[in-house]
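Below is one structure, written out as structure tokens, with a few remarks after it.
Protein chains in written order, with this note's numbering: chain G, 138 to 858; chain L, 6 to 65.
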């Protein structure tokens, strides 16, 4: 399956390449993630929008991966593409093509498909030949049919069975038994014994069984590979999402550099709307910093020269210059990442249901076949017959249905979840999700949108004036005021001489009177420490605007659904006690804790695990990432910080949280189906194994038992709703 | 039963034809976007060719 040597391929064509082809080859490949596309109309719209951008050579949308691959002129920036898509109504995120390289052309998957194709072809032909044997071909004809079957089956088994042989050999060398050991043993023994029987002119040859086993097991292996590859590429996609850059102020002027190139003492420009790339001290400028991702506090903090800023904080209002005090590995951001790594090391390797089934299944099967062999040698004294029985037992018990049971269900479930906007990043997350008995939530950005909403009643004139002043600011409170005024149908009052005072508020003149909107100190109001800003018109007493966090859609539905299933709920937030208690009461969460530091969150999760609870952690911020990694299973909203999305097992692509309740339902259903499938496979074995042990098994019975159990198991998996 | 000498090779070669067709679909990348291909049939202005697998020139 390996392609020809890439260097030779390139060299052969390089000298004779015409100019036009050269232009196309110089084009670079951009990959965009389009999480919202779902239909033919979306494909056409997105491709049209992309092709319309000057410099685009070709654009192709892949609906399965929800991704667009664009070949474009070298100078074209990804922003031009995302803007064009946004105009067409599609949300798009740039993915780092270098990180994704290699994930697209899935060599292993194609090799498995090829093996499936070859063994499927062989199975159909050998089965047809076998039908003639079963229906009574005798003597020379039977031998001839057996020889033809052998000629087809032996090379095919040798070629298509390699994945099992390699895996079994690896396990045996490490002195372990895995599922592939009985598989390989039964395939090889069945082939060898059938060859001997054919040579000796015997009645029974199991070539059809050997090939059918290979085919069904490869199907299971391919489904398993697909599920794993999808999870892996989701994880890779998330790391490819952000390629962070910073603006450094050098003596030669501004330059955009990768964050890894920054050194201690560098001056870094942070424009409003950007995150601080390093830990530092504010050297110049005044602003408000949003720390919600780091600490969970919703209220932005005013910062002036000398203020200490941590990497990851968002600059809201004024442009500032930072002097870096810690870069790269030393920043608080990285220390948080180390917390995650420690938590991940602490979490043991999860044993999937299939692993657990295999652990006692493999040795059991070998013992059974061996004892059948010994019994018949002792009882009948016929070596050849005893070997026949042992092989029949191995074929019947070969975990064909078992190999299909879990992957078929996992594939069906992952597909369902993806359509609902839940991205599984780890193959066994689904099984772990089904076991959850307590759910732990972060507040800011997870249960709430992290965007404040005006919570106090305000006189229309005051609101209109405040909206006029707020119009010029990107501060979340200002935006909330503007939204509230718009929702109330109020036109913002025109303001002259509008000026933003970073860290304080807005000021201007309304109808010749000085007007101020901002912090209590800025407007001369009594500071009550709440989430509020004040409006002061002329000499009139200041008017208070209070804010509350807006709940994410589906948050209440999710908590209610969890309670209905008897799953405990818990709120761990870094925010103040008042805000946390308000959220707890509004959503009827069982238990809440405020002012919890990232390390304490991790501790709480570890304590839950130590108490034998299986915790689901849902969080979006850096302060949650340690807890996300330590939890039994974890989810992060797509709007979360990349650190959180990387640490979590699942990512919710939609804003609506109730998708998680649906995912849990699907996970439980999937677990039930997997167990049912094991039961079905066991039932077939219970019927067929005694027949094999008694020595009555014919190739026909083996083929029937095998095919029927595999088909039943697959159909049962498809029943997943 | 002499007819088997002809019929079996004939049936095998017919099967092999199907296998070759499958190999071709595999190589021309027809399994890389099953959902997209299912949707594209509804588009009027869609091109006829499925997308070839990622150009291998990328692996320089």
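Cβ coordinates follow ideal geometry from the N, Cα and C atoms, glycine included.
Buried/exposed call for residue i, threshold 16 Cβ in 10 Å
i: residue 393 of chain G; result: exposed
i: residue 578 of chain G; result: buried
i: residue 303 of chain G; result: exposed
i: residue 562 of chain G; result: buried
i: residue 408 of chain G; result: exposed
i: residue 46 of chain L; result: exposed
i: residue 782 of chain G; result: buried
i: residue 29 of chain L; result: exposed
i: residue 664 of chain G; result: exposed
i: residue 671 of chain G; result: buried
i: residue 11 of chain L; result: exposed
i: residue 613 of chain G; result: buried
i: residue 267 of chain G; result: buried
i: residue 516 of chain G; result: exposed
i: residue 848 of chain G; result: exposed
i: residue 176 of chain G; result: exposed
i: residue 840 of chain G; result: buried
i: residue 445 of chain G; result: exposed
i: residue 661 of chain G; result: exposed
Pair within 9 Å by beta-carbon distance, residue i and residue j
i: residue 539 of chain G; j: residue 689 of chain G; result: no
i: residue 207 of chain G; j: residue 187 of chain G; result: yes
i: residue 804 of chain G; j: residue 541 of chain G; result: no
i: residue 659 of chain G; j: residue 675 of chain G; result: no
i: residue 263 of chain G; j: residue 295 of chain G; result: no
i: residue 424 of chain G; j: residue 640 of chain G; result: yes
i: residue 686 of chain G; j: residue 435 of chain G; result: yes
i: residue 526 of chain G; j: residue 323 of chain G; result: no
i: residue 567 of chain G; j: residue 597 of chain G; result: no
i: residue 586 of chain G; j: residue 669 of chain G; result: no
i: residue 449 of chain G; j: residue 412 of chain G; result: yes
i: residue 201 of chain G; j: residue 41 of chain L; result: yes
i: residue 572 of chain G; j: residue 751 of chain G; result: yes
i: residue 402 of chain G; j: residue 460 of chain G; result: yes
i: residue 711 of chain G; j: residue 731 of chain G; result: yes
i: residue 595 of chain G; j: residue 603 of chain G; result: yes
i: residue 281 of chain G; j: residue 20 of chain L; result: no
i: residue 799 of chain G; j: residue 557 of chain G; result: yes
i: residue 458 of chain G; j: residue 405 of chain G; result: yes
i: residue 210 of chain G; j: residue 197 of chain G; result: no
i: residue 327 of chain G; j: residue 346 of chain G; result: yes
Residue i - containing beta strand (DSSP E), residue span
i: residue 687 of chain G; result: 680-688
i: residue 674 of chain G; result: 669-674
i: residue 199 of chain G; result: 193-199
i: residue 771 of chain G; result: 770-774
i: residue 384 of chain G; result: 382-387
i: residue 589 of chain G; result: 585-591
Delimiting residues of the alpha helix (DSSP H) encompassing residue i
i: residue 319 of chain G; result: 317-336
i: residue 700 of chain G; result: 692-701
i: residue 28 of chain L; result: 9-32
i: residue 492 of chain G; result: 490-517
i: residue 96 of chain G; result: Because residue 96 of chain G is not part of the residues shown, which for chain G are 138 to 858, the question remains open.
i: residue 598 of chain G; result: 597-607
i: residue 850 of chain G; result: 836-855
Residues that DSSP places opposite residue i in a beta bridge
i: residue 654 of chain G; result: G/643, G/672
i: residue 173 of chain G; result: Looking at the DSSP assignment, residue 173 of chain G forms no beta bridge with any residue, so it has no partner.
i: residue 728 of chain G; result: G/707
i: residue 417 of chain G; result: G/446, G/461
i: residue 559 of chain G; result: G/789
i: residue 425 of chain G; result: G/439
i: residue 260 of chain G; result: DSSP, once it has assigned bridges, lists no residue as partnering residue 260 of chain G.
i: residue 752 of chain G; result: G/575
i: residue 395 of chain G; result: G/382
i: residue 390 of chain G; result: G/387
Minimum Cβ-Cβ distance from residue i to chain B less than 9 Å
i: residue 177 of chain G; result: Judged by its chain identifiers, the structure shown contains no chain B, and its protein chains are G and L.
Legend entry - At least 3 beta-carbon pairs within less than 8 Å: the segment 528-538 of chain G vs the segment 343-351 of chain G: Using a C-beta cut-off of 8 Å, the segment 528-538 of chain G makes contact with the segment 343-351 of chain G, since at least three inter-stretch Cβ pairs fall below that distance.
Inset, instruction - Determine contact between the segment 398-405 of chain G and the segment 422-441 of chain G, defined as no fewer than three beta-carbon pairs at a distance below 8 Å. - result: Between the segment 398-405 of chain G and the segment 422-441 of chain G, the count of C-beta pairs closer than 8 Å stays below three; the two stretches do not touch.
Legend entry - Any 3 or more C-beta pairs closer than 8 Å across the segment 757-771 of chain G and the segment 506-525 of chain G: Short answer: they don't touch.
Inset, instruction - Determine contact between the segment 806-826 of chain G and the segment 543-552 of chain G, defined as no fewer than three beta-carbon pairs at a distance below 8 Å. - result: Short answer: they touch.
Legend entry - Inter-stretch contact at 8 Å, needing at least 3 Cβ pairs: the segment 744-753 of chain G / the segment 762-770 of chain G: The segment 744-753 of chain G, when compared against the segment 762-770 of chain G, does touch it at the 8 Å Cβ threshold.
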